[in-house]
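Student: Structure incoming, see below.
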Amino acid sequence: MRVHDLPGRGGTRAAVFDPALPDRHHRGFHRGGRRACGHRLDPQSIHGHALPLGDHAGSRGGCHGLSGRDSHRQLLTCSLRGPRVPDQAPACRGLRRSVPGGGPSRVVSHRRRPRHTHGRHADAVSGPFRFLPPAAGCVRLSKHSSSGGNVSRLFPSAAALATLLALLFPAAPQAAICDEISDAPASPLTTVRVPGTYLNPVFVGAPPGDVTRLFIVEQDGTIRIVKNGALLPTAFLDVSALTRSPADGGDNEEGLLGLAFHPDYAANGIFFIYHTAAGSTDNLLVRYTRDSANPDLADTTTRQVIMTFPHPSFGNHNGGMLAFAPDDGHLYVGTGDGGSGCDPSGNAQNPASPLGKLLRLDVDAVPISLETWALGLRNPWRYSFDRLSSDLYIADVGQNQWEEIDYRPAPRSPGENYAWVLYEGTHCPNPSCGSSGACNSIPNPILPILEYSHTGGACSITGGYVYRGCRMSGLSGRYFYADFCAAFIKSFRVVAGAVTDLRDQTAELAPGGGAAINLITSFGEDARGEIYIADRGGEIYKIVPILPNLQVSGVGAAPFSPGSSDWTWEDLQATSGHPIAQYHVYRSPGNGSGTFDCVFQNTVNLWPGGDTSVPPPGALFSYLVTGLNSAGQQTSPGTGTGGTPRTLSALPCPP
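As structure tokens, this is what we get:
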């Protein structure tokens, strides 16, 4: 392996190969019910629009709920009741509603649960809060429904609340990426297609914390961006002229094969790619920086080759996966054994060769440090770290008979040997290659946690990810994988170091409509931990709940915002991937326990001007929104207090 001097901080950075084996932060609380809220109308106003929910600094406005988790957030209640006044208790501990006529006040209270760094899967920290949102500062202007127009402020200041919440919930290092995503924990699954058609897609990923963009790697040398649900016309990076790939006579396994974003990408813009060099069989690890003027473009002038991996003339077994480990922050590089069959060069068990290895780099060190972390791998085409636990899953492609998944819980140890070429899977002597040495010549070999044979058309494993996303908490902890030839998709959990609850989810995840997922080259994760599937035929699919089990602005989602002019709600197509043909807005008199009638429809998440109707004095209007796809499937209206399903009228929406 050749190493390259690089300019760095305070001198020269150089990659050094040592052939010896190596020595949602809390945004305060979980918004368990912010979607249902008391909302005042001014009967003196021209149109009777709902007043903005807050004039406080930092507020996003919108409707924040005041009921518990069983009352879903898409429900908006509008009231003409008397003014709300602040409780005299310490900040945000309670809110008392004054009753017209001087009657006794009552306290609206519920318990909330904080967000966690990796979604909803860490241990909850709960505390008794009595609270009437909006959350940002508890500052809200509300008008008296009768004469006088009194304005009451519900909390001393946003700054005081911020101080209180900072003491109660210290910020985690990573933002609460699951904010504004509603959970469908027990839903059946399906897949939806990501917009665009791609040329031999081999990887899907996103920079840490970037919830608006998805980066898709095309084998022939380009990286494309899907931004806010639309494929950008210009590639983020094009190294096709520098890459040997199937497009210019290269092997089926050569090309642009890997992408990883630096953990501090938002600040430094650094990312890494792994590709086969044009006119060669060597593979390169290269560093780039994004364009300082346009974050949707890479700055090609910043290209720096960090390492060159000399590869035999065989075109296969190039590895190429790149991943930063959540626990140590180091970049891990997977290399194949050099190709052909049965490792004729003996690279996998040769500590002096970088091939057939898992390498670890400290890319922030001066010089860059490199160590052989593990050896004895055939072609670890796709591996991943559990973003919550940092456990390592390696899908190592087999020879002629066995595919395997290796598992190492965190903290990992250096120098582990995965036993190729002596073993194929758990089998020694190697059934595909014959005897390559004594089975006991490797002390404590790391054998797979799961293997499967080449029956039923299976031929090549594609490793995936442990699900830690926001949308389907019932999947948390499940590892997904597939087979390139057999096109199955399966998942399992690891409990006490053993595979449990193995499921074949191929049929469930079939996209339908005449489409099929074949030739699965890779899985991927977005910044929220949702999982994607790359099909070599050119499609990218996202694993999602079925549409009827989703809610527009369900519990945890972005607020329904009935402002003083236009009303808006969650863009479910952007947040879930499900194509939405129409949104319907429903209204019901009272607290939402009655029938809801459709009062507005639109193809986008906007009601220009909002509702001009005004409830009678002292009465309530309740609203909810649903989304429909082109086939007429509709999202759930949710349930009311006590879990009773809400009722939608069968009458058509106004044109």
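First residue of the sequence shown: 51, per the working numbering; consecutive thereafter.
Glycine residues also receive a C-beta, built at the ideal position from the N, C-alpha and C atoms.
Can you tell me where the beta strand (DSSP E) with L309 in it begins and where it stops?
Tutor: Here the beta strand (DSSP E) through L309 covers 306-311.
Student: Can you tell me whether P666 is buried or exposed, with buried defined as 16 or more other CB within 10 angstroms of its CB?
Tutor: Exposed, since its Cβ has fewer than 16 Cβ neighbours within 10 Å.
Student: When you compare each of A226, P430, Y315 to D341 by their alpha carbons, which one comes out closest?
Tutor: It is Y315 whose Cα lies nearest to the Cα of D341.
Student: Could you check what DSSP says for D298 in three-state terms: helix, strand or coil?
Tutor: Residue state, collapsed to three classes: helix.
Student: Among the residues of its own chain, which have a CB less than 8 Å from the CB of E268, if the five just before and after it don't count?
Tutor: Around E268: Y248, L249, N250, P251, V252, R274, L306.
Student: Which of helix, strand or coil does DSSP assign to Q269?
Tutor: Residue state, collapsed to three classes: coil.
Student: Return the Cβ separation of I573 and F542 in integer angstroms, given the expectation that the two are a contact with Cβ distance under 8 Å.
Tutor: According to the sequence shown, residue 573 is Phe rather than Ile. In fact, because the Cβ distance is near 14 Å, the residues do not count as touching under 8 Å.
Student: Assuming Y433 and G513 make a contact with CB atoms under 8 Å, what is their CB distance in whole Å?
Tutor: Confirmed, Cβ separation roughly 6 Å.
Student: What do you get for Q712, buried or exposed, if any count of 16 or more other CB atoms within 10 angstroms of its CB means buried?
Tutor: Given a span of 51 to 705 for the chain in the structure shown, any question on residue 712 remains unanswerable.
Student: Nearest-angstrom Cα distance between A234 and A280?
Tutor: Those two C-alpha atoms are separated by around 24 Å.
Student: Taking the C-alpha atoms as reference points, what is the distance between P258 and F321?
Tutor: Cα to Cα, P258 sits roughly 11 Å from F321.
Student: Using DSSP with H/G/I as helix, E/B as strand and the rest coil, what is T691?
Tutor: Correct three-state label for T691: helix.
Student: Is DSSP giving N568 helix, strand or coil here?
Tutor: Coil, per DSSP.
Student: Kindly indicate which three-state DSSP category Y591 falls into: helix, strand or coil?
Tutor: Note: Y591 maps to strand in three-state DSSP.
Student: Kindly indicate which three-state DSSP category C489 falls into: helix, strand or coil?
Tutor: Helix.
Student: At which residues does the beta strand (DSSP E) containing N333 begin and terminate?
Tutor: Element bounds for N333: 333-340.
Student: Within the same chain, show all residues whose beta-carbon is closer than 7 Å to that of A624, passing over the 5 residues directly before and after it, in chain order.
Tutor: Excluding positions up to five away in sequence, the list reads N278, G279.
Student: So the candidates are L622, E589, P612, S615; which of them puts its Cα closest to the Cα of Q43?
Tutor: Because the chain is modelled from 51 through 705, residue 43 falls outside the range shown and cannot be assessed.
Student: Considering Cα atoms alone, identify which of G448, E589, P461, T350 is closest to D436.
Tutor: Selected option, being the one with the closest Cα: P461.
Student: What is the DSSP secondary structure of G384, reduced to helix, strand or coil?
Tutor: Correct three-state label for G384: strand.
Student: At which residue ranges does the region 423-495 contain complete beta strand (DSSP E) runs of 3 or more residues, listed in the order of the chain?
Tutor: Complete beta strand (DSSP E) runs here, min 3: 432-435, 442-446, 452-458.
Student: Among the candidates T240, D229, A226, whose CA atom is the shortest distance from the CA of P598?
Tutor: Residue T240 is the option with its Cα nearest to P598.
Student: Do the CB positions of V635 and V675 come within less than 8 Å of each other?
Tutor: Cβ atoms of V635 and V675: closer than 8 Å.
Student: Going by C-alpha to C-alpha distance, which of I492, A285, R637 sits closest to W470?
Tutor: Of I492, A285, R637, the residue nearest in Cα terms is I492.
Student: Note down, in chain order, each residue of its chain lying with its Cβ closer than 7 Å to the Cβ of G524, except the 5 sequence neighbours on either side.
Tutor: Closer than 7 Å at Cβ, skipping near neighbours: P235, A236.
Student: Does the separation of the CB atoms of V242 and Y582 fall below 8 Å?
Tutor: Result no, Cβ atoms of V242 and Y582 do not sit closer than 8 Å.
Student: To which residues of the same chain is T339 closer than 7 Å at the C-beta, ignoring the five residues directly before and after it?
Tutor: Closer than 7 Å at the Cβ level, and outside the excluded window around T339, lie G319, I320, D349, T352.
Student: Are there three or more Cβ pairs, one per stretch, closer than 8 Å when the region 562-569 is compared with the region 410-429?
Tutor: No, because fewer than three Cβ pairs between the region 562-569 and the region 410-429 fall closer than 8 Å, the two stretches do not touch.
Student: Quick one: using the 10 Å Cβ neighbour count with 16 as the cut-off for buried, is D346 buried or exposed?
Tutor: By the neighbour-count rule (16 or more Cβ atoms within 10 Å), D346 is not buried but exposed.
Student: If you run the structure through DSSP and keep just helix, strand and coil, what is T653?
Tutor: Three-state DSSP puts T653 in coil, outside helix and strand.
Student: Which residues mark the beginning and the end of the beta strand (DSSP E) in which A508 is found?
Tutor: Unbroken run through A508: none, as it is neither H nor E.
Student: Note down the Cα distance separating G487 from L405, rounded to an integer number of angstroms.
Tutor: Approximately 19 Å between the Cα atoms of the pair.
Student: For S626, report the span of its alpha helix (DSSP H) as first-last.
Tutor: 622-626 is the span of the alpha helix (DSSP H), which, as asked, contains S626.
Student: In whole angstroms, what is the alpha-carbon distance linking R90 and S643?
Tutor: With a pLDDT of 33 at R90, under the threshold of 50, the predicted position of this residue should be treated as unreliable, though the coordinate-derived value follows. If you take the alpha carbons of R90 and S643, they lie about 19 Å apart.
Student: Judging by CA-CA distance, which residue of D288, G300, R337, A317 is the nearest neighbour of A310?
Tutor: The candidate whose alpha carbon is nearest that of A310 is R337.
Student: Hey, could you find the ends of the beta strand (DSSP E) Y582 is sitting in?
Tutor: Residues 581-585.
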